[in-house]
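Accompanying notes for the structure given below.
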Amino acid sequence: MKDTCERLRKALAEQLKLASGRDLDALLSARGRELWIIGIDPKKRELVDVCGTIDPKLFDAKIRRTYANNDAGFMADAHLPLGITDAKADVFLLNLEHFEKPDDFLFPLIVHELAHYLDQIGEDPAASDADKNNAAAMLISLAPNVRDNPSHNHRWAQHLAVGARRLVSGCHSGHKTIKEFAEAAIPPYDRRPGWDISIKE
Ligand SMILES: [Zn+2]
Numbered sequence: 211m212k213d214t215c216e217r218l219r220k221a222l223a224e225q226l227k228l229a230s231g232r233d234l235d236a237l238l239s240a241r242g243r244e245l246w247i248i249g250i251d252p253k254k255r256e257l258v259d260v261c262g263t264i265d266p267k268l269f270d271a272k273i274r275r276t277y278a279n280n281d282a283g284f285m286a287d288a289h290l291p292l293g294i295t296d297a298k299a300d301v302f303l304l305n306l307e308h309f310e311k312p313d314d315f316l317f318p319l320i321v322h323e324l325a326h327y328l329d330q331i332g333e334d335p336a337a338s339d340a341d342k343n344n345a346a347a348m349l350i351s352l353a354p355n356v357r358d359n360p361s362h363n364h365r366w367a368q369h370l371a372v373g374a375r376r377l378v379s380g381c382h383s384g385h386k387t388i389k390e391f392a393e394a395a396i397p398p399y400d401r402r403p404g405w406d407i408s409i410k411e
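In case it helps, my numbering puts the sequence shown at residues 211 to 411.
Structure (structure tokens):
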């Protein structure tokens with residue numbers, strides 16, 4: 211998993227920089243947190259330490275079996291709900307089924323998760339009026355069960371809208387419009403049936 215670890219670590223840092231202007235390593239060191247990259251293995255129904263940076267005994271005791279079948283996730287201060295006292299970590303989770311997916315699929319998903327991270331740690335999205343409108347369009351498009359999850363809130367959506375605009379306008383994405391990027395970051399199965407996202411470019 212060394213290649214996957216390197217690809218994901220690099221992608222997280224690059225996408226955060228491009229989407230928000232923030233430096234991942236600086237953010238982590240200011241927070242005094244490690245970054246753990248954890249794989250979600252739907253076949254074995256368990257979690258995997260992708261980078262091999264977590265103490266194996268700790269991983270087996272407190273993390274491996276906290277499996278839930280998701281595409282991806284971000285959890286700032288994951289040590290707290292996991293009941294871990296001898297490490298402090300922010301965690302990025304990704305389903306093993308997505309490990310080999312192309313950048314145009316994976317990167318919008320990563321930006322969606324990084325928007326959760328920025329929201330969780332209380333960062334201000336500094337959204338323009340246009341970003342706020344696009345964020346509202348994203349929230350309206352969500353399927354009711356996805357919208358009901360409190361993590362899909364206005365600040366999350368504004369971080370995602372800002373990231374989508376910066377990536378597309380800077381030509382840093384394979385997606386050529388904000389709408390195209392937003393619809394990759396919020397896939398059809400997370401939206402109301404038949405809904406597209408009415409973005410103003
Ligand atoms: Zn989400």
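Every residue gets a Cβ at the ideal spot worked out from N, C-alpha and C, and that includes glycine.
Predicted, not measured: the structure shown is a model, and the values here were computed from it.
Where residue i sits in the DSSP three-state scheme
i: Arg365; result: helix
i: Arg357; result: helix
i: Arg401; result: strand
i: Met285; result: strand
i: Thr295; result: coil
i: Thr263; result: coil
i: Arg241; result: helix
i: Phe309; result: coil
i: Ala336; result: coil
i: Asp233; result: coil
i: Ala371; result: helix
i: Ala271; result: helix
i: Ser383; result: coil
Among the options, nearest to residue i - alpha-carbon criterion
i: Lys392; options: Ala347, Arg365, His362 and Phe269; result: Per the sequence shown, the amino acid found at residue 392 is Ala instead of Lys. Taking only the C-alpha atoms, the option nearest Ala392 is Ala347.
i: Glu333; options: Asp213, Lys254, Asn359 and Gln368; result: Gln368
i: Val372; options: Ser338, Asp296, Ile331 and Ala395; result: Ser338
i: His364; options: Ala282, Phe269, Ala394 and Asp329; result: Asp329
i: Glu411; options: Ala340, Pro398, Ser351 and Asp400; result: Ala340
i: Tyr399; options: Leu370, Ser351, Ile331 and Ser361; result: Ser351
i: Pro318; options: Ile396, Asn280, Arg241 and Arg255; result: Ile396
i: Gln225; options: Glu307, Ile264, Arg241 and Ile320; result: Ile320
i: Pro312; options: Pro266, Thr263 and Ala221; result: Ala221
i: Asp406; options: His382, His362, Leu349 and Ser383; result: Leu349
i: Ala325; options: Ala223, Lys212 and Ile273; result: Ala223
i: Ser230; options: Ile264, Asp270, Glu323 and Glu244; result: Glu323
i: Ser361; options: His308, Tyr327 and Leu316; result: Tyr327
i: Ile331; options: Thr214, Arg219 and Arg232; result: Arg232
i: Tyr277; options: Cys381, Leu292, Thr214 and Asp235; result: Leu292
i: Asn280; options: Lys267, Arg255, Leu268 and Arg243; result: Arg255
First through last residue of the beta strand (DSSP E) which encompasses residue i
i: Asn305; result: Ala299 to Asn305
i: Ala395; result: First-last for Ala395: Ile388 to Ala395, but that is the alpha helix (DSSP H), not the beta strand (DSSP E).
i: Asp259; result: Glu256 to Asp259
Span of the alpha helix (DSSP H) around residue i
i: Ile320; result: Asp313 to Gln330
i: Asp251; result: Where Asp251 is concerned, there is no enclosing alpha helix (DSSP H), although the beta strand (DSSP E) it sits in stretches over Glu244 to Asp251.
i: Met348; result: Asp339 to Ser351
i: Glu224; result: Lys212 to Ser230
contact_flag[the segment 301–314, the segment 365–378] where n(CB pairs < 8 Å) is 3 or more: no
Do the segment 239–251 and the segment 343–360 touch if we need at least three Cβ pairs shorter than 8 Å? no
Below 8 Å, can you find three or more Cβ-Cβ pairs linking the segment 382–391 to the segment 352–364? no
Counting Cβ pairs, one atom from each stretch, are 3 or more of them under 8 Å apart for the segment 284–291 and the segment 259–269? no
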